[in-house]
Structures are given as C-alpha cells and as structure tokens.
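Once you know that position 132 of the sequence shown is 132 in UniProt numbering, the rest is easy, because the numbers rise by one and skip nothing. Beta carbons: idealized from backbone N, C-alpha and C, even for Gly. Just so we're clear, the structure is a prediction, and the values are computed from it rather than from any experiment.
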Amino acid sequence: MRVLLDTNIILDHFLEREPFVHEAKALLEKIESKEIEGFVTATTVTDIFYISKKSKGAALSKQYIRELLTLLEVCAVNRTILEAAIASNSDDFEDAVQLACAVSEGLDAIVTRNMQGFSDASIDILTAGELLTRLSSET
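Okay, structure coming up:
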C-alpha cells in the first residue's frame with residue numbers, strides 16, 4: 001500500500017503530541033519496515049520545518065527532516081498540482097494540494113487527522129488508527 005502522510009501525522013510524531021504520537025510512531029515503523037510505502041508533499045516538508053523549529057529549534061528540525069527524507073518519498077508540488085488543487089471543490093487549499101499530489105502519484109490513501117478537509121476525495125482518507133487496523137487485518 002502506498003500512502004501520503006498529511007502534515008499533522010508527521011508533526012504528531014516529531015512533536016510527540018499526545019495522544020496521537022503512538023499511532024504516528026507505529027505508522028512510521030510500518031514504513032521503515034517496508035510494510036507500506038510512505039509519501040509526503042514538498043510543502044509538508046517546509047511546513048514541518050517552519051512549525052517544529054519554534055519548539056525544537058532549527059538544528060533538530062533539520063535533522064528530523066533529513067531522517068524523514070531517507071524514509072519517505074517526496075511528491076513534487078508543481079504548476080499541474082496547484083492548478084488541480086485550485087480547480088477542486090475544496091475550500092481547504094492545503095488539503096486540495098495534498099489530494100492532488102496523492103492522486104497524481106497514484107497513491108492508495110491519505111493518512112490524516114483532518115478528515116473533513118478531504119470530503120470530495122477520490123482515494124481513501126484514513127486516520128493513522130484506521131490504516132493500522134487495516135494492515136493488521138491483512139496479515
């Protein structure tokens with residue numbers, strides 16, 4: 001399974017946000033063990049740095065991003081993606097960009113805590129817990 005991790009899932013892990021950190025950590029472990037293939041958008045990476053440097057500092061935030069880049073594939077955000085996001089019915093432009101990237105890459109799902117931002121999605125939108133449950137039922 002190939003999934004796009006929304007910004008909030010990565011931040012839950014890095015910023016250790018309770019109670020979400022445990023599912024985010026388990027999900028990243030599934031990616032590390034190659035049970036699933038993980039993706040993020042280029043804009044997610046910049047958002048992670050901007051948000052996390054406030055509490056973790058620039059050096060630690062850069063180190064975390066270096067580690068993420070070894071683990072996850074990065075979906076490019078280009079003109080085509082932005083035009084698709086603008087043309088969508090979504091009022092949430094950031095989520096529309098995430099969705100356009102996931103669809104462009106042929107991904108199976110987006111993993112997020114912000115389900116309402118993806119109401120018109122053509123692919124599965126799952127919480128980390130839902131994906132973990134799905135993976136455990138497949139084994």
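Separation of residue j from residue i, as counted between CA atoms
i: Thr127; j: Ile31; result: 15 Å
i: Ile125; j: Arg79; result: 24 Å
Start and end residues, alpha helix (DSSP H) containing residue i
i: Leu132; result: 128-138
i: Ile31; result: 21-32
Neighbourhood of residue i by C-beta distance below 8 Å, restricted to the same chain and skipping five residues each side
i: Val77; result: Thr41, Ala42, Thr43, Val97, Cys101
Same chain, Cβ closer than 6 Å to residue i, five either side skipped, listed in chain order
i: Ile48; result: Ile10
i: Ala26; result: Leu132
i: Asn89; result: Asp120
i: Leu82; result: none
Cross-strand partners of residue i (DSSP beta bridge)
i: Thr41; result: Cys75
Limits of the beta strand (DSSP E) - the one that residue i falls within
i: Ile110; result: 109-111
i: Leu4; result: 2-5
Sequence-distant residues of the same chain with beta carbon closer than 7 Å to residue i, five excluded per side
i: Glu23; result: Ala128, Gly129, Leu132
### Message
Between the stretch 97-113 and the stretch 47-57, can you find at least three pairs of beta-carbon atoms closer than 8 Å?
### Response
Segments in contact, no.
### Task
Check whether the stretch 112-129 touches the stretch 55-64, taking contact to mean three or more Cβ pairs, one atom from each stretch, closer than 8 Å.
no
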